[in-house]
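Below: one structure, written as structure tokens.
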Amino acid sequence: MIEQLKGMLDQVREKQPLIMNITNQVVIQQTANGLLALGASPVMSSHPEDARELAQVAGGVLLNIGTLQEAQLETLLEAGKSANKAGIPVVLDPVGAGATSYRTNAVNKILSEVKISVLRGNGGEIAAVTNQHWGMKGVDSVGQGDVVQLAKNAAKQLDMIVVVTGEKDVISSPSRTLITENGTEMLTRITGAGCVLGSVITAFLAANRESDPIEVCTAAASFYSVAAEKAMERKPKGPGDFEFYFRDALYELSEAEWIKQGIVTEGGTV
Amino acid sequence: MIEQLKGMLDQVREKQPLIMNITNQVVIQQTANGLLALGASPVMSSHPEDARELAQVAGGVLLNIGTLQEAQLETLLEAGKSANKAGIPVVLDPVGAGATSYRTNAVNKILSEVKISVLRGNGGEIAAVTNQHWGMKGVDSVGQGDVVQLAKNAAKQLDMIVVVTGEKDVISSPSRTLITENGTEMLTRITGAGCVLGSVITAFLAANRESDPIEVCTAAASFYSVAAEKAMERKPKGPGDFEFYFRDALYELSEAEWIKQGIVTEGGTV
Amino acid sequence: MIEQLKGMLDQVREKQPLIMNITNQVVIQQTANGLLALGASPVMSSHPEDARELAQVAGGVLLNIGTLQEAQLETLLEAGKSANKAGIPVVLDPVGAGATSYRTNAVNKILSEVKISVLRGNGGEIAAVTNQHWGMKGVDSVGQGDVVQLAKNAAKQLDMIVVVTGEKDVISSPSRTLITENGTEMLTRITGAGCVLGSVITAFLAANRESDPIEVCTAAASFYSVAAEKAMERKPKGPGDFEFYFRDALYELSEAEWIKQGIVTEGGTV
Chain G
1 MIEQLKGMLD QVREKQPLIM NITNQVVIQQ TANGLLALGA SPVMSSHPED ARELAQVAGG
61 VLLNIGTLQE AQLETLLEAG KSANKAGIPV VLDPVGAGAT SYRTNAVNKI LSEVKISVLR
121 GNGGEIAAVT NQHWGMKGVD SVGQGDVVQL AKNAAKQLDM IVVVTGEKDV ISSPSRTLIT
181 ENGTEMLTRI TGAGCVLGSV ITAFLAANRE SDPIEVCTAA ASFYSVAAEK AMERKPKGPG
241 DFEFYFRDAL YELSEAEWIK QGIVTEGGTV
Chain W
271 MIEQLKGMLD QVREKQPLIM NITNQVVIQQ TANGLLALGA SPVMSSHPED ARELAQVAGG
331 VLLNIGTLQE AQLETLLEAG KSANKAGIPV VLDPVGAGAT SYRTNAVNKI LSEVKISVLR
391 GNGGEIAAVT NQHWGMKGVD SVGQGDVVQL AKNAAKQLDM IVVVTGEKDV ISSPSRTLIT
451 ENGTEMLTRI TGAGCVLGSV ITAFLAANRE SDPIEVCTAA ASFYSVAAEK AMERKPKGPG
511 DFEFYFRDAL YELSEAEWIK QGIVTEGGTV
Chain Y
541 MIEQLKGMLD QVREKQPLIM NITNQVVIQQ TANGLLALGA SPVMSSHPED ARELAQVAGG
601 VLLNIGTLQE AQLETLLEAG KSANKAGIPV VLDPVGAGAT SYRTNAVNKI LSEVKISVLR
661 GNGGEIAAVT NQHWGMKGVD SVGQGDVVQL AKNAAKQLDM IVVVTGEKDV ISSPSRTLIT
721 ENGTEMLTRI TGAGCVLGSV ITAFLAANRE SDPIEVCTAA ASFYSVAAEK AMERKPKGPG
781 DFEFYFRDAL YELSEAEWIK QGIVTEGGTV
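Chains as they are written, first to last, in our numbering: chain G, 1 to 270; chain W, 271 to 540; chain Y, 541 to 810.
Shown next as structure tokens:
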């Protein structure tokens, strides 16, 4: 069904949406660079008032709890509420939910105070947020369960779009499920691959407001995975080379090449 | 007039000045690496007492508000005041001034409490700080006005050197204006290009205390832009390759090559 | 004696230990990427409760004071104490000890409240922590003294393993000293080379609990230095290229190649 996603990448590059990221210290630079490579316009904030104002002019907001502390939680909540008022999409990345009670509690607080458009996490994180059984190691998911069912259950329970990333990415709304089949194992050898995808999804949503959000999220995940495959075609010796080939691919991969190489399947009804 | 700037790069490499950076989370690593590649010695600080002590032994201090919050504002003010006492140059990068009232107010507070040697920003930021008309999108400048006049007005109003970066860099004191004509559009596709330039300017100032500061700032901006052109000669496929070719160029570009390729013009009297 | 270290790298790659890093903002991304390239599993934390919980499931904890402020000091102490309870190794990197009284005091507080397994720093930092004479410039060591004697004295005084990095790395316990002779000057042109080594040492310790800790620390330092030499074999034009070749080398350098190229000598009794 990838043909239906055609045009969504070019929308990002034409509209260059302003994306506000309240994100973790590990990936903050990579996030800015990923969005710039893609053609979007990143902005970051560390102060509640600053974030509230910026959310009013942004096209979308990404919230990520990877190195959360109290002051950032306040900033994050302000950003989310302000985005809700402005009617722009809010994507939540619950990094390490389930790994500690501090993180799990923070996610619950965010979900209760901010209307989230899309939740993006690995299997373990999504399972933790929705009390499903799964395996975690630190902030990495090591579960081997049925990821499609996991995503479907989560989307239904939370009544939002859920993107579970891993070997395959599963994108599920309460009523429909799509699966992207591209990518490379090398993505697990660089930090922040999932985190940056959260921001890329936000940019796609901001630039494609007229389209079906589940298809927009799928377009973002599919484009991202195909870009990773393009990076592997340059034969990196390791994750150092790969990271920068990947960033180049976010910049130079065309809509046509992506659509040609991307594989997206329907995951059945929920 | 580029011949007059000759020798200023070698001074940095010989003296290896210690530069303290109170900067934003997005660019903090890139700043350290940019200064190391250039041959300077970076140090960072996140605590007021720590920053106050370090400013006493540094050759220059860079202040950047890109991810400002309250604790960092305190650190930044301490660093600036301590640098003033030590008589070393202080460069201010007002990232996103004009984008939010929080940032604009912070810049005003800094300008009122710390004697700034050089203000470096894009057109929108400099316009916001000096109440001139311009266009902003998030923290990016999208104005199309007369950047030379903008810089001249700002330098006169603030009575300091102002560096407005963009397609051309305009460096203006209250009495003289210089323009660098090098660079590449690819610099807009990596984060932190302007922020790191602020630290490079600080390093040039620290190592060239006997020279005319407007010429020293121009040397820094010109060298930086020529290094970016050198990086483009290696034909990067995108911003990933470019960023590291650029860092290599900061390391390997010689004084002679820079002077040969650099174009600097006088911008007329203020 | 390098043959005695054989197998320690493969242990890291097989066990993929979870390493918690409470580290500075400059190197936090590079630390995550270095550990992932090596084959370990990084996790970061910025909140005391979060850190306390994570330390209970981690294989080792790295503490680094490079951009310390009050909230992080609290997190760092919680992480250390929790690691002590869990009986896992704790490595301390006293970045800039001696450069400011704030840093020196923080290190003393940490040493008094947390049982540290390994202290890793440059000569100036180790000298500052142990009140020995040495030279500092900002957070960089510029002393020219007898680094072997410095390490021996520090290990004896603190009753722990001390790793002094520089042109040679000297690893000393209270009763034995080892020296690694590999490496490249280019490591001084990228930020965080020493900081990431602290995390690599932590990963080696976590994966080799049955082995003699001084030999494990030496294996980590030796592997890291040989990886840097491998990166130089790809002829980087500067520190930009080098950093990513080095990360690739952490990923692809085999146990056999490392052992073949590594040079480790005994440093005499203490």
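Just so you know, even glycine gets a beta-carbon here, dropped at the ideal spot from N, CA and C.
If you run the structure through DSSP and keep just helix, strand and coil, what is residue i?
i	result
Ser-316 of chain W	coil
Arg-234 of chain G	coil
Ser-199 of chain G	helix
Asp-416 of chain W	coil
Gly-121 of chain G	strand
Gly-60 of chain G	strand
Ala-796 of chain Y	helix
Ser-715 of chain Y	coil
Asp-823 of chain Y	Within the shown structure, residues of chain Y are numbered from 541 to 810, placing residue 823 of chain Y beyond reach of any answer.
Glu-266 of chain G	strand
Ser-481 of chain W	coil
Leu-215 of chain W	For chain W, the structure presents residues 271 to 540; residue 215 of chain W sits outside this window and is missing.
Thr-454 of chain W	coil
Met-548 of chain Y	helix
Along chain W, in chain order, which residues have C-beta atoms closer than 7 Å to that of residue i?
i	result
Arg-247 of chain G	Gly-508, Pro-509 and Gly-510
Asp-50 of chain G	Thr-370, Tyr-372 and Arg-373
Please list, in chain order, the chain G residues whose beta carbon lies closer than 7 Å to that of residue i.
i	result
Ala-369 of chain W	Leu-54
Val-296 of chain W	Ile-28, Gln-29, Ala-32 and Met-44
List, in order along the chain, the chain W residues whose C-beta lies closer than 9 Å to that of residue i?
i	result
Gln-569 of chain Y	Gln-299
Show which residues of chain Y have a CB atom less than 7 Å away from the CB atom of residue i.
i	result
Ala-341 of chain W	Gln-609
Could you tell me the alpha carbon to alpha carbon distance between residue i and residue j, rounded to whole angstroms?
i	j	result
Val-164 of chain G	Val-170 of chain G	5 Å
Ala-302 of chain W	Ala-646 of chain Y	23 Å
Ala-789 of chain Y	Ala-768 of chain Y	7 Å
Met-314 of chain W	Val-147 of chain G	43 Å
Gln-672 of chain Y	Leu-690 of chain Y	7 Å
Ser-652 of chain Y	Leu-616 of chain Y	13 Å
Val-654 of chain Y	Asp-752 of chain Y	21 Å
Glu-284 of chain W	Leu-558 of chain Y	43 Å
Gly-638 of chain Y	Ala-79 of chain G	40 Å
Ala-307 of chain W	Phe-514 of chain W	11 Å
Ala-743 of chain Y	Ser-46 of chain G	31 Å
Ile-161 of chain G	Met-271 of chain W	59 Å
Arg-322 of chain W	Val-361 of chain W	16 Å
Glu-319 of chain W	Thr-640 of chain Y	8 Å
Leu-5 of chain G	Val-27 of chain G	28 Å
Thr-535 of chain W	Gln-300 of chain W	29 Å
Gly-808 of chain Y	Ile-358 of chain W	46 Å
Thr-758 of chain Y	Tyr-521 of chain W	31 Å
Val-57 of chain G	Ala-771 of chain Y	45 Å
Asn-478 of chain W	Ala-424 of chain W	24 Å
Gly-780 of chain Y	Glu-257 of chain G	30 Å
Val-496 of chain W	Pro-42 of chain G	26 Å
Ala-271 of chain G	Asn-561 of chain Y	Nothing in the structure corresponds to residue 271 of chain G, since chain G is present only between 1 and 270.
Ile-656 of chain Y	Asp-699 of chain Y	10 Å
Could you check how far apart the C-beta atoms of residue i and residue j are, in whole angstroms? I think they sit under 8 Å.
i	j	result
Gly-329 of chain W	Asp-363 of chain W	With 8 Å as the limit, Gly-329 of chain W and Asp-363 of chain W do not qualify as a contact, their Cβ atoms being about 18 Å apart.
Ile-741 of chain Y	Ala-760 of chain Y	4 Å
Leu-594 of chain Y	Ile-650 of chain Y	About 18 Å separates the two Cβ atoms, so there is no contact after all.
Ile-803 of chain Y	Glu-721 of chain Y	4 Å
Gly-96 of chain G	Gly-145 of chain G	Contact flag wrong, Cβ pair sits at about 19 Å.
Ile-214 of chain G	Leu-178 of chain G	6 Å
Tyr-224 of chain G	Leu-205 of chain G	Incorrect: roughly 14 Å between the Cβ atoms, too far for contact.
Thr-104 of chain G	Ala-86 of chain G	Not a contact, Cβ separation roughly 28 Å.
Val-601 of chain Y	Ala-623 of chain Y	4 Å
Arg-247 of chain G	Gly-508 of chain W	6 Å
Taking residue i as the query, report the chain G residues whose CB atoms sit under 8 Å from its CB, ordered along the chain.
i	result
Ala-577 of chain Y	Arg-189, Gly-238, Pro-239 and Gly-240
His-673 of chain Y	Under the 8 Å cutoff, chain G gives no residues; its nearest Cβ is about 36 Å from His-673 of chain Y.
Name the chain Y residues whose beta carbon is nearer than 9 Å to that of residue i?
i	result
Glu-522 of chain W	Lys-777 and Gly-778
Could you name the residues of chain W that residue i contacts, counting a contact when the two beta carbons are closer than 8 Å?
i	result
Phe-244 of chain G	Gly-510, Asp-511, Glu-513 and Phe-514
| field | Selection of the region 101-129 of chain G by Cβ proximity to chain Y, strictly under 7 Å | value | Ser-101, Tyr-102 and Arg-103
**Request:** Would you list, in chain order, the members of the region 209-237 of chain G that have their beta-carbon closer than 7 Å to a beta-carbon of chain W?
**Result:** Closer than 7 Å at the C-beta level to chain W, one finds no residue of the region 209-237 of chain G.
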